[in-house]
Each structure stands twice: as C-alpha cells, then as structure tokens.
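Visitor:
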Amino acid sequence: MVESSAYTLDKKVLDEELAKQTEWHRVLLLNHEGKPITSRNLASEPSSEEIALFLHCLEDRDKAVGPGFNLCGDHFDVLRFHPPLVYGRRGPPNEGEGEGIAYCRVKSQVNNKHLHLVVTYILPIISARVVPQMLEFAKKFRTFSMNPIVGEPT
C-alpha cells in the first residue's frame, strides 16, 4: 500500500489494473502533490521540472502546448489540449519509431483530490486508441482502486 496523509491507495489493485493496459508503454501515476504512486518502464525518476509541467498543464492551453512535456529526458510536443486530457508525440510518425504521450487528470471520489496519469505509447498505437483507454481506466480507478480503509473495496 502507498499511503498519503489524506487517503490510502490499494497499490496491488492499481498495479493489477495497469498490467491489463498492454498497449501503454511507459506509465506514471502521480498523487495530488506530484509524488509518484506507481510507474512502469521509466528509464529514470522524472525530475521535479518534468512533474511540474504535468501538474500545471491544464491551467492554460499555452502552458501545455508551448513547452510541451518532458518525461525522463525525452521531449514530447503537445498537439492537443482537451481538459482533462492533453496529448502529443515525439519522433517521426513511422511505425515503431514515434512515441505518443497522453496526460489525464483524475479526481478521486474518496477525497476529491486530483491524481495525474501519464502514459506513452509506441506507434502504430495512436491517441485515438489510448485516450479512450485512459478515460475508462480513470473511471474504474476513481470508483474501486481508491480505498478509504486499507483492504476494503469502495
């Protein structure tokens, strides 16, 4: 279990749900303070500057599109701003070479605090496929992965 001052997260359930997302390459889930809850396939820990871009990207379109995103040193151009979603890509649009990135802010039904989900995906997987998956994951995550009492499903 990963604990925060306001809630307890059932990390086992979360990791089981993330394992089902086989088309997602890199995954980073941050709590409302920007602290990593879980991750997958990251070459290194994201820097505080990288995390800050995610936490504040929905404040203003220019804050998202202008600087883009960075994840573990890789820069991604942000191409779409549709709150609570922001997404883009890096590299050429060739299969296996380009990598997309998508960000989704999730509001916990347990404590009304935001959680931040970042995923990348390798072409030929595209945002039209990943974004609906993220929304479905967020819907599930809000309703059963957040537990007010350790081990008790909501």
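For this note's numbering, add 87 to where a residue sits in the sequence shown, where the first one is 1.
Each residue gets a CB set at the ideal place from its N, CA and C atoms; glycine is no exception.
1) Anyone know if the C-beta pair for His203 and Phe156 falls short of 8 Å?
2) Does DSSP put His169 in a helix, in a strand, or in coil?
3) When burial is assigned at 16 or more other CB atoms within 10 Å of the CB, is Ser135 buried or exposed?
4) Kindly list the residues whose CB is nearer than 7 Å to the CB of Pro154, restricted to its own chain and excluding five residues on each side of it in sequence; keep chain order.
5) Can you have a look at Arg192 and say buried or exposed, based on whether 16 or more other CB atoms are within 10 angstroms of its CB?
6) Per DSSP, Arg177 forms a beta bridge with which residues?
7) Checking the sheet assignment: what are the DSSP bridge partners for Val100?
Guide: Reading off the structure:
1) Taking 8 Å as the cut-off, the beta carbon of His203 is found no closer than this to the beta carbon of Phe156.
2) His169 carries a strand assignment under DSSP once its states are collapsed to helix, strand and coil.
3) With fewer than 16 Cβ atoms within 10 Å of its Cβ, Ser135 is classed as exposed.
4) The answer, listed in chain order, is Leu140.
5) Burial state of Arg192 is buried, judged by a 10 Å Cβ sphere holding 16 or more other Cβ atoms.
6) For Arg177, DSSP records a beta bridge to Glu186.
7) Its beta-bridge partners do not exist; DSSP assigns none.
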